[in-house]
Structure formats: C-alpha cells, structure tokens
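Take a look at the structure below.
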Amino acid sequence: MSVRYCSSKQYPSSCSGGGGGSSLKILGSKGYIGGGYTSGGYSSNSFSLGSSSGGCFGGSLGGYGGLGGYICGAGFGGGSFGGGYGGGSFGGVFGDGGLLSGNEKITMQNLNDRLASYLDKVRALEESNYELEGKIKEWYEKYGPSRPRELFDYSKYYCIIEDLKNQIISLTIEDANILIQIDNARLAADDFRLKYENEVTLRQSVEADINGLRRVLDELTLVKADLELQIESLTEELACLKKNHEEELRNLRNVSTGDVKVEINAAPGVDLTELLNNMRTQYEQLAEHNRRDAEAWFNEKSKELATEIDTNIEQISSYKSEITELRRTVQSLEIELQSQLALVC
1 MSVRYCSSKQ YPSSCSGGGG GSSLKILGSK GYIGGGYTSG GYSSNSFSLG
51 SSSGGCFGGS LGGYGGLGGY ICGAGFGGGS FGGGYGGGSF GGVFGDGGLL
101 SGNEKITMQN LNDRLASYLD KVRALEESNY ELEGKIKEWY EKYGPSRPRE
151 LFDYSKYYCI IEDLKNQIIS LTIEDANILI QIDNARLAAD DFRLKYENEV
201 TLRQSVEADI NGLRRVLDEL TLVKADLELQ IESLTEELAC LKKNHEEELR
251 NLRNVSTGDV KVEINAAPGV DLTELLNNMR TQYEQLAEHN RRDAEAWFNE
301 KSKELATEID TNIEQISSYK SEITELRRTV QSLEIELQSQ LALVC
C-alpha cells in the first residue's frame, strides 16, 4: 500500500481540488482511497474504497467555513462486511489565503493509519469469510445431498409422527386401564378370600355347636333310657306288690270262711292292705309325676334341639350355597385375571 499526500497553497495538477486545497490518495491491493477538500469553493469531496468483494468505504470532508472545520462521518458498506465509523472534528486558523494550520499533516497521517488498520481488518475478515465459505461449500459437496433444500423437509413425516404419538398415548391409556382392572380384580379377590375365610370360620363354629348339641342329645337319650328302666322296675315292683296283696287277701278269705272264731281282745293291728294301698298310690303318683316331668323335659329339649338342628341345617345349606357361589366368583375372577395378564404380556 502507498500513501501520497500533498499540501500547499497552490496545488499541482496531480492533486485534486479547486482554488487551493489538499488531497489524499491511498493505494492498496484491494482498492484505493481518494479524497480532497477545497478552501475556496467550500465544496465536499469523498473518500472511497474499492475492493474485490464489492465493498466500499465512503466518507466526506465537509467544507470549511470561519476559523474551523469538521470531518463528517465515514462508513463502510458492501457485500460481506458492513459497519460505520464517525470521525471527529478538527479546526485550524486560516491565514490570508485560507490555509490549514501545521497540524494538518499529523491529522491526515492519523486518519491514514486508522484507515489502513480498518482496511487490514476488512481484508482479514474477507479472507476468513472466504475460507469459511470454501469450507462450507466443501462440506456440502462431501456430506450434503444433491439438493440441500430436501434435507430439511420433514413435512412428510409429521403425519406419521402424529399417528405414532396417538398410538403411544392410546396404548399408554389402555395399559393404565388394564393395570387398574388388575388392581380392582386383585382387591376383589382379596375381599372374597376374606369373606371365604370368615365363612369357613363360621362354618367350623357351627359344626362345633352341632357336635356339642349331639353330645347333649346323647346325654338326653341316656337319661331317657335310665328313666325308662326306672319306670319298668317300678312297674315290675308294682306288679309284684299287687300279686302279694292278692295272695294275702286270698289267704285271709280262706281263713275267714272257717268255723274257728278267735276273739282277741287287743288293740287293732295295722291294716296292711290300706298301708299297701297308700304306698302304691304314693309310688304311682311319684312315678307318674316323674314320668310327666321327664316327658315334658324331654319333649322341650327335643323341640329345642330339633329347632336348633333345623336352623343350623338351613344356615349350613345357605352357607354351602354361598360358598359355592363364592368359589364360582373366585374362579371367574381368576380366569379374568389370567386373561388380563395374558393380554398385558
């Protein structure tokens, strides 16, 4: 890059400007910067930069008036790089001919340095951009499809993805329903199992009561047999007493029919017949009373036992029917549980 700078009251033909002024030209491999200003016409010129990528740098130096001047903003613009930079103002005291002060050269050198640094940055960015574009192009040539637009076209898969999502949701809901049904079946089976165990316990208690009542019935049967034996013995004793009484009466009659008359002046003896009759009557009453009491007690106990047996038989039959129904329900629930488990597997 080369820099040319001209400054004088009267400018040669190689420097641009009218009526006196200065010009600046920076030449480089990518382009150039040209610029100038005039003090006589107060017109503005521009700095421009041309590059191989089509970018440019433009700026302007404003016209000077009075005792000072200013530099307007400058900006970069172009294809791959854009930005802006605003310059500061500076001023100087003009003489009779309207010339700048002695700081003009230093100011222009600072501007040239800043522009050169910006150009270096632009060139480095363009080179890096070019390298990145080459790498991207190389990657697409190596890994990308023939038509890159088709790589990101997923619209044809949206319907399939939506259907699969719906299927997953429906299967998840169905699985949850099956799990709920299995839990309900398990709870129902546990409930029926508890009921079955309670019914078994109740059945065992009823059977124990029946066995106890059977023992009571056996005891009553033994008491009845004992009473029957007592009645038979009392009946035989009564028959024996009657026979003895009849024999005594017969003997007394035979004695009374004789001619012998014996008169005994003594106190009358005990009438054995009356005594025997009284004893017979008492024994008969006692036997009848015992028989009636035993018969009433036996009939009452027999009725109670028969009622309890009938009630227990009815309860046992109802329990048996309930147990049968519960077994059927448990079997149906087990079958349903096995079918649900088979569906889940």
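All residue numbers in the sequence shown are consecutive under full-length UniProt numbering, ending with 345. Glycine included, each C-beta is placed from N, C-alpha and C at the ideal position.
Span of the alpha helix (DSSP H) holding residue i?
| i | result |
| --- | --- |
| Tyr319 | 272-344 |
| Asn103 | Unbroken run through Asn103: none, as it is neither H nor E. |
Please report the straight-line C-alpha distance between residue i and residue j, rounded to a whole angstrom.
| i | j | result |
| --- | --- | --- |
| Glu232 | Lys224 | 12 Å |
| Ala239 | Asn312 | 46 Å |
| Lys242 | Asn299 | 32 Å |
| Tyr118 | Lys165 | 56 Å |
| Glu247 | Trp297 | 39 Å |
| Leu125 | Ile161 | 44 Å |
| Asn112 | Asn103 | 14 Å |
| Ala176 | Tyr140 | 48 Å |
| Thr281 | Glu237 | 13 Å |
| Lys135 | Lys121 | 21 Å |
| Arg250 | Leu272 | 14 Å |
| His245 | Asn277 | 9 Å |
| Tyr283 | Asp226 | 18 Å |
| Asp218 | Asp310 | 18 Å |
| Gln204 | Leu229 | 37 Å |
| Arg114 | Arg123 | 14 Å |
| Arg327 | Ser170 | 35 Å |
| Arg292 | Glu274 | 26 Å |
| Ile173 | Asp163 | 15 Å |
Measure how close the beta-carbons of residue i and residue j come, nearest whole angstrom, since I'm counting them as under 8 Å.
| i | j | result |
| --- | --- | --- |
| residue 391 | Glu199 | Any question about residue 391 goes unanswered here, given that the chain covers just 1 to 345. |
| Leu202 | Tyr319 | 7 Å |
Are residue i and residue j touching if we call contact CB-CB under 8 Å?
| i | j | result |
| --- | --- | --- |
| Ile178 | Leu333 | no |
| residue 350 | Ile182 | Beyond the ends of the chain as shown, which are 1 and 345, falls residue 350; an answer cannot be given. |
| Gln340 | Ala185 | yes |
| Val216 | Gln315 | no |
| Leu213 | Glu308 | yes |
| Leu234 | Ala294 | no |
What ranges does the alpha helix (DSSP H) occupy inside the stretch 212-260, keeping only unbroken runs of at least 4 residues that lie completely in it?
Here no run is fully enclosed.
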